[in-house]
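**Q** Questions regarding the structure given below will be posed in turn.
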Amino acid sequence: MSPLLPALRTADRKEALRFGEHSLTYAELAGAAGALAGRLAGAGRVAVWATPSPETVVGVVAALLAGVPAVPLNPKTGERELAHILADSAPTAVLAAPDASLPPALEALTRIDVRTTAEPGAELPAAEPEPDPASPAFVVYTSGTTGPPKGAVLPRRAVAVTLDALAEVWAWTDRDVLVHGLPLFHVHGLILGVLGPLRRGGSVRHLGRFSVEGVARELSAGATMLFGVPTMYHRIAESLDTDRELAKALAGARLLVSGSAALPVHDHRRIEAATGRTVIERYGMTETLMNTSVRVDGEPRPGTVGVPLPGVELRLADESDGIGEIQVRGPHLFTGYLNRPEATAAAFTEDGWFRTGDMASLDADGYVRIVGRRATDLIKSGGYKIGAGEIENALLDHPAVREAAVTGEPDADLGERIVAWVVAADPQAPPTAKELAAHVAAQLSPHKRPRTVRFLQALPRNDMGKIMKRALGNG
Ligand code: MCA
Ligand code: AMP
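According to our numbering, the sequence shown holds residues 91 to 565 in order.
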């Protein structure tokens with residue numbers, strides 16, 4: 091198989107990536123990652139402390155060059171979740187920027203400082219044989235309805251085919267300069283947003299953290315493409331009325347792409363009205379990488395996620411009234427959940443199709459319209475997938491909580507907002523909402539914290555004692 095990142099050997103003095111003032115050319119990236127790769131050979135799995143920094147990119151590229159699977163870690167992961175991920179993925183080392191301060195849970199691992207400069211004169215090592223395309227490139231943790239997150243094992247082949255399919259339908263080339271402010275521990279920001287430009291021999295500029303101003307600045311200064319989750323496009327839409335420079339910058343972009351959750355048609359329309367540009371939606375999942383997209387030369391159709399990508403087989407299963415579960419098959423799929431053969435088996439049908447859990451209808455010409463999810467216990471907030479069960483478990487660990495249920499409610503900014511319904515252990519002295527949010531943030535992750543807490547005398551339960559979530563609020 092050809093190399094995953096061929097431009098490391100050919101694009102030499104061209105800028106590969108830029109984070110603020112810090113940029114690296116392809117030659118510099120190849121030198122730094124090549125030197126590190128030499129130290130990783132045979133390392134088993136390595137964790138990458140995935141701050142939004144050039145060190146994260148160098149660490150991930152080094153792992154890919156060495157053929158060592160990388161486990162990207164959210165640097166804000168709380169204690170309980172981090173302990174789970176480390177126990178489950180058993181990395182032998184953690185790659186981190188030299189100035190990163192790591193939590194105690196990582197102290198038992200060998201720490202390898204990632205440098206963005208190579209030894210003077212260092213070059214990419216002579217081409218090693220390219221690892222087997224079926225071998226794992228990443229283990230990415232993703233939430234389910236209950237229990238802690240599962241590690242999706244993503245083979246090198248899936249990364250290559252998904253990026254090449256997107257290149258075809260988006261006419262994505264080495265002339266493109268992508269800007270985004272997505273986190274680097276999920277598929278969207280890391281695989282699409284960093285490895286995408288690097289596989290094409292193009293460039294990526296990362297904002298460090300998302301801001302509307304940063305997007306406007308970079309699109310006015312040579313960036314050609316923008317990736318974001320709907321919350322980011324919503325914030326852009328909110329600013330467009332008053333910000334003419336932003337409207338001009340977006341109007342000049344070659345491609346505006348949204349994904350990770352549905353972009354409301356209202357925000358599509360506002361952006362189109364102010365800029366004359368339509369945002370392209372693509373649909374993917376950690377386990378499947380990308381499944382569908384609106385094509386750059388196709389008809390934009392807000393409210394749909396376009397058509398299946400080249401190489402992706404897609405069908406609707408158990409259809410009723412034209413709505414069924416999206417199932418997919420193809421070389422873009424993960425190979426399974428780490429250490430979870432039963433969960434892996436349950437995720438596939440007997441004839442080998444992956445069950446996405448997303449419910450959709452198909453337009454007559456094949457455009458896919460996602461209408462909802464099979465599981466109500468999965469919440470998408472800010473583009474992050476969050477399981478109600480993991481938050482309930484964390485809340486129940488708080489001494490002032492007797493019972494807890496978690497639901498998602500519609501939210502104009504986040505898509506869905508996490509709501510915790512809590513029965514206090516002592517109704518006379520309930521915990522504060524802030525305290526519970528801080529508890530969840532510290533145990534799991536800040537983006538999993540409840541944004542609203544509602545106290546009840548008791549949770550509604552059916553005769554079997556099961557919590558009736560539909561009886562909570564209007565949900
Ligand atoms: C607030 N903060 C706290 C607390 N309250 N920290 C600890 N404890 C608390 N109690 C901190 C947060 O950590 C954050 O810090 C800051 O305050 C603001 O928090 P928040 O309001 O949560 O952030 P936001 O500005 O609302 O975030 C919106 C966002 C974010 C930027 C859109 O949700 C985001 O980056 N989403 C991207 C998700 C994504 O990439 N999904 C891809 C997975 P700080 O700001 O410093 O962090 S899906 C995927 O990969 C598939 C394949 C696909 O299809 O794409
Ligand atoms: P994750 O597991 O975090 O990778 O999230 C995958 C889920 O995000 C999918 O199963 C969908 O529910 C949702 N998703 C991703 N892209 C879109 C989109 N463009 N429109 C609607 N939902 C999306």
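Idealized CB from N, CA, C, for every residue including glycine.
Small disclaimer: the values here were computed from a predicted structure and weren't measured.
Just curious, the alpha helix (DSSP H) that arginine 391 is in, first and last residue?
**A** Walking along the sequence shown from the start, residue 391 turns up at place 301. Element bounds for arginine 391: n/a, residue is neither H nor E.
**Q** Please report how far the alpha carbon of alanine 435 lies from the alpha carbon of methionine 558, in whole angstroms.
**A** For the purposes of this step, residue 435 is taken as the residue at position 345 of the sequence shown. For the purposes of this step, residue 558 is taken as the residue at position 468 of the sequence shown. Using only the alpha carbons, I get a separation of about 29 Å.
**Q** Does leucine 404 come out as helix, strand or coil in the three-state DSSP assignment?
**A** For this step, residue 404 is matched to residue 314 along the sequence shown. Reduced to three states, the DSSP call for leucine 404 is strand.
**Q** Going by the DSSP bridge assignment, what does methionine 449 pair with across the sheet?
**A** If you number the sequence shown from 1, residue 449 lands on position 359. Partner(s): Glu415, Gly462.
**Q** Quick one, which of Gly283, Glu493, Ala527, Ile469 has its alpha-carbon nearest leucine 504's?
**A** Translated into positions along the sequence shown, residue 504 becomes position 414. That would be Ile469, whose Cα lies nearest to the Cα of leucine 504.
**Q** Roughly how many angstroms lie between the CA atoms of threonine 182 and arginine 170, to the nearest whole one?
**A** The count along the sequence shown starts at 1 and reaches residue 182 at position 92. The count along the sequence shown starts at 1 and reaches residue 170 at position 80. The alpha-carbon atoms of threonine 182 and arginine 170 are separated by roughly 20 Å.
**Q** Any heavy atom of the ligand AMP closer than 6 Å to the beta-carbon of tyrosine 457?
**A** Along the sequence shown, read from residue 1 onward, the residue named residue 457 stands at position 367. Tyrosine 457: no, Cβ never under 6 Å from the ligand AMP.
**Q** Just how far apart, CA to CA, sit serine 143 and glycine 132?
**A** Taking the sequence shown and counting its residues from 1, the one referred to as residue 143 is at position 53. Taking the sequence shown and counting its residues from 1, the one referred to as residue 132 is at position 42. Serine 143 and glycine 132: Cα-Cα distance of roughly 25 Å.
**Q** Measuring straight from C-alpha to C-alpha, what distance separates glycine 283 and glycine 304?
**A** Residue numbering aside, residue 283 sits at position 193 when the sequence shown is read from its first letter. Residue numbering aside, residue 304 sits at position 214 when the sequence shown is read from its first letter. Distance between the alpha carbons of glycine 283 and glycine 304 is about 16 Å.
**Q** Just reading off the alpha helix (DSSP H) that threonine 263 is part of, what are its end residues?
**A** Numbered from its first residue, the sequence shown carries residue 263 at position 173. No alpha helix (DSSP H) contains threonine 263, which DSSP labels as neither H nor E.
**Q** Consider the C-beta atom of isoleucine 460 and the heavy atoms of the ligand AMP; say whether any pair is separated by less than 6 Å.
**A** Within the sequence shown, the letter at position 370 stands for residue 460. Yes.
**Q** Rounding to the nearest angstrom, what Cα-Cα distance links alanine 156 and alanine 548 in this structure?
**A** By one-based count along the sequence shown, residue 156 stands at place 66. By one-based count along the sequence shown, residue 548 stands at place 458. Using only the alpha carbons, I get a separation of about 55 Å.
**Q** For proline 320, does the count of other Cβ atoms within 10 angstroms reach 16, so buried, or fall short, so exposed?
**A** Reading the sequence shown from its first residue, position 230 is the one you call residue 320. By the neighbour-count rule (16 or more Cβ atoms within 10 Å), proline 320 is buried.
**Q** For the pair the stretch 449 to 464 and the stretch 391 to 406, tell me if three or more CB-CB distances fall below 8 Å.
**A** With the cut-off at 8 Å, the stretch 449 to 464 and the stretch 391 to 406 touch.
**Q** Would you say valine 496 and glutamate 506 are within 7 Å of each other, going by their C-beta atoms?
**A** Along the sequence shown, read from residue 1 onward, the residue named residue 496 stands at position 406. Along the sequence shown, read from residue 1 onward, the residue named residue 506 stands at position 416. Not a contact, by the Cβ cut-off of 7 Å.
**Q** I want to check one thing, is the minimum distance from the CB of alanine 352 to the heavy atoms of the ligand MCA below 6 Å?
**A** Stepping through the sequence shown from its first residue, residue 352 is reached at position 262. No.
**Q** Could you tell me whether the Cβ atoms of alanine 494 and alanine 515 are closer together than 7 Å?
**A** Against the sequence shown, residue 494 aligns to sequence position 404. Against the sequence shown, residue 515 aligns to sequence position 425. It is not a contact, given that the beta carbons lie outside the stated cut-off.
**Q** How many angstroms separate the CA atom of aspartate 254 from the CA atom of glutamate 415?
**A** Residue 254 sits at position 164 when you count from the first residue of the sequence shown. Residue 415 sits at position 325 when you count from the first residue of the sequence shown. Their Cα atoms are separated by approximately 26 Å.
**Q** Quick check: is any heavy atom of the ligand AMP less than 6 Å from the C-beta of aspartate 203?
**A** Here residue 203 refers to the residue found at position 113 of the sequence shown. Aspartate 203 Cβ: outside cutoff for every heavy atom of the ligand AMP.
**Q** Out of Arg492, Ala261, His488, which one is the CA nearest neighbour of serine 383?
**A** Taking the sequence shown and counting its residues from 1, the one referred to as residue 383 is at position 293. Per the Cα distances, Ala261.
**Q** From which residue to which residue does the beta strand (DSSP E) around aspartate 203 run?
**A** Within the sequence shown, numbered from 1, the residue matching residue 203 stands at position 113. Start and end: 200 to 203.
**Q** For a test of the three-state rule: what should DSSP assign to serine 191, helix, strand or coil?
**A** As a first step, residue 191 must be located in the sequence shown, where it is residue number 101. If DSSP states are grouped into helix, strand and coil, serine 191 belongs with coil.
**Q** Here's the rule: buried if 16 or more other CB atoms are within 10 angstroms of the residue's CB, otherwise exposed. What is aspartate 222?
**A** Translated into positions along the sequence shown, residue 222 becomes position 132. Aspartate 222 is exposed by the Cβ-count criterion.
**Q** Does the ligand MCA have even one heavy atom less than 6 Å from the beta-carbon of tyrosine 116?
**A** Here residue 116 refers to the residue found at position 26 of the sequence shown. Not under cutoff, so the answer is no.
**Q** Along the chain, where does the beta strand (DSSP E) containing asparagine 381 start, and where does it finish?
**A** In the sequence shown, counting from the first residue as 1, residue 381 sits at position 291. Note, asparagine 381: beta strand (DSSP E), 379 to 383.
**Q** How should phenylalanine 228 be labelled, buried or exposed, when 16 other C-beta atoms within 10 angstroms of its C-beta is the threshold for buried?
**A** For the purposes of this step, residue 228 is taken as residue 138 along the sequence shown, with counting starting at 1. Counting Cβ neighbours within 10 Å, phenylalanine 228 comes out buried, since at least 16 surround it.
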